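Asker: Attaching a single structure in structure tokens format; questions to follow.
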Amino acid sequence: AGVTLSARGGRLQIRGPGHGVKLAASALVQLYSLIGKGYPIFSQDIAFGVKILESSPQTRLEEIFLDKVCITAQKRIISPKSINQKLYIDAIRNNDIVFGIGPAGTGKTYLAVAMAVSALAGNQVRSIILTRPAVEAGEKLGFLPGDMAQKVDPYLRPLLDALNDMLGKEKALDFLERGAIEVAPLAFMRGRTLNNAFVILDEAQNTTREQMKMFLTRIGFDSRAVVTGDTTQIDLPGRANSGLVEAERILADIHGIAFCRFSKSDVVRHPLVQEIIHAYEHKSGKGSVRVI
7 AGVTLSARGG RLQIRGPGHG VKLAASALVQ LYSLIGKGYP IFSQDIAFGV KILESSPQTR
67 LEEIFLDKVC ITAQKRIISP KSINQKLYID AIRNNDIVFG IGPAGTGKTY LAVAMAVSAL
127 AGNQVRSIIL TRPAVEAGEK LGFLPGDMAQ KVDPYLRPLL DALNDMLGKE KALDFLERGA
187 IEVAPLAFMR GRTLNNAFVI LDEAQNTTRE QMKMFLTRIG FDSRAVVTGD TTQIDLPGRA
247 NSGLVEAERI LADIHGIAFC RFSKSDVVRH PLVQEIIHAY EHKSGKGSVR VI
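Residue numbers for the sequence shown follow my numbering, so the first one is 7 and each next one is one higher.
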């Protein structure tokens, strides 16, 4: 915001341009109010709060930060950190199928897993199914070395990491062993009907038209699905068209299906990640950079 803060006695003074002072004051007042309501403020929350108010000065931060999705095994509250993340969470609550499209690091998959864990804990669904297409950077599952577990693990590891973060490794393993949570390549979904489940398809930009149609038609009664991907990072071999790109084009007007878009401003990884993405894009002159 281009301001400086100084504390003297019981007063905090903000110096800088008028707009910056107003923005900083609003952020500080709202963050202080959040502390009073029991929300633990970390340094990154200050940055998130300022970023939100920069783009939308009338936003009430408590409507975003206090929207508790779930609590991790380490007792950390998972909640939206941007306006688009809040819209995404609301869309998942209010629609049977939601597409989250945007750059890596914007919380698309992590928040979807958090919503799935919350739904399972609240007995809204009987199971969680996490899946990815087994094609990345030109590799095909059948040509990878090792047994099936070894082949599958590299593709599904990000989903397992999110589960371990939410539930703890021991509890996540218990759910996996009991079948309450299933993590499998997309090809394993063929021929099934997924009832009473929270289903997440990650890296959906690497599905073909046929794979996307197959996945979406697996959804059964009392189920909901979240599809995540980045349409600027398509690794399909040859000139195959992305099923995610086509789905956005032909399904956008169907009631019960929502599309949520994320941008670089929604990146919630280390503060340097956003600058790194921008620097690579600027240097290469391209519109995107691969971040996994």
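No residue lacks a Cβ here, since even glycine has one placed at the ideal position from N, Cα and C.
Owing to the predicted nature of the structure, the values given are computational and were not obtained by experimental measurement.
Counting C-beta neighbours from all protein chains within 10 Å, is the total for ILE206 16 or more, i.e. buried, or is it exposed?
Answerer: With 16 or more other Cβ atoms within 10 Å, it is buried.
Asker: Measure how close the beta-carbons of GLY55 and LEU37 come, nearest whole angstrom, since I'm counting them as under 8 Å.
Answerer: About 6 Å; that satisfies the 8 Å criterion.
Asker: Report all residues from its chain with a CB closer than 7 Å to the CB of PRO151; omit the five preceding and five following residues, and keep chain order.
Answerer: Confidence at PRO151 is low in this model, with a pLDDT of 48, below 50, so the placement of that residue should be treated as unreliable; the coordinate-derived value is given next. The answer is none, since no qualifying residue turns up.
Asker: Report yes if the CB atom of ALA210 is closer than 7 Å to the CB atom of ALA97, and no otherwise.
Answerer: No; because the gap between Cβ atoms is not below 7 Å, this pair is not in contact.
Asker: Starting from VAL104, trace the beta strand (DSSP E) in both directions and tell me its first and last residue.
Answerer: Segment 103-107, the beta strand (DSSP E) holding VAL104.
Asker: Assuming contact is defined by CB atoms lying nearer than 7 Å, are THR115 and THR234 in contact in what I supplied?
Answerer: Yes. Within cutoff.
Asker: Which runs of the beta strand (DSSP E), 3 residues or longer, sit entirely within the segment 212-267?
Answerer: Runs found: 230-235 and 263-267.
Asker: Which of helix, strand or coil does DSSP assign to GLU209?
Answerer: Correct three-state label for GLU209: coil.
Asker: Taking ARG245 as the reference, which of ALA253, THR214, LYS270 and THR112 has the closest Cα?
Answerer: For the residues ALA253, THR214, LYS270 and THR112, the minimum Cα distance to ARG245 belongs to THR214.
Asker: At which residues does the alpha helix (DSSP H) containing ILE47 begin and terminate?
Answerer: Neither: ILE47 is in no alpha helix (DSSP H) and is coded neither H nor E.
Asker: Report yes if the CB atom of ILE107 is closer than 7 Å to the CB atom of ALA122, and no otherwise.
Answerer: Not closer than 7 Å, so no.
Asker: Comparing C-alpha positions only, which one of LEU222, ARG230 and GLY249 sits nearest to ILE239?
Answerer: Per the sequence presented here, residue 239 reads as Gln, with Ile not at that position. Out of LEU222, ARG230 and GLY249, GLY249 has the C-alpha closest to the C-alpha of GLN239.
Asker: With a threshold of 16 other CB atoms inside 10 Å of the CB of ASP153, please say whether the residue is buried or exposed.
Answerer: Any reading at ASP153 needs caution, since the residue's pLDDT is 49, under 50, leaving its predicted position unreliable; the model's value is listed next. The residue in question, ASP153, is exposed, as its Cβ has fewer than 16 Cβ neighbours within 10 Å.
Asker: Helix, strand or coil for ARG138? Go by DSSP, reduced to three states.
Answerer: Here ARG138 sits in strand by DSSP.
Asker: With VAL131 and LEU165 assumed to form a contact (beta carbons below 8 Å), what rounded beta-carbon distance in angstroms separates them?
Answerer: At roughly 17 Å, the Cβ-Cβ gap does not stay under 8 Å, so VAL131 and LEU165 are not in contact.
Asker: Inspect the CB distances between the segment 185-199 and the segment 220-227 and report whether three or more fall short of 8 Å.
Answerer: Touching, yes, given that three or more Cβ pairs across the two stretches are closer than 8 Å.
Asker: Alpha carbon to alpha carbon, how far is PRO191 from ILE89? Give it in angstroms, no decimals.
Answerer: Those two C-alpha atoms are separated by around 31 Å.
Asker: How would you label PHE105, buried or exposed, when you count the other beta carbons within 10 angstroms and need 16 or more for buried?
Answerer: Buried, because 16 or more other Cβ atoms sit within 10 Å of the Cβ of PHE105.
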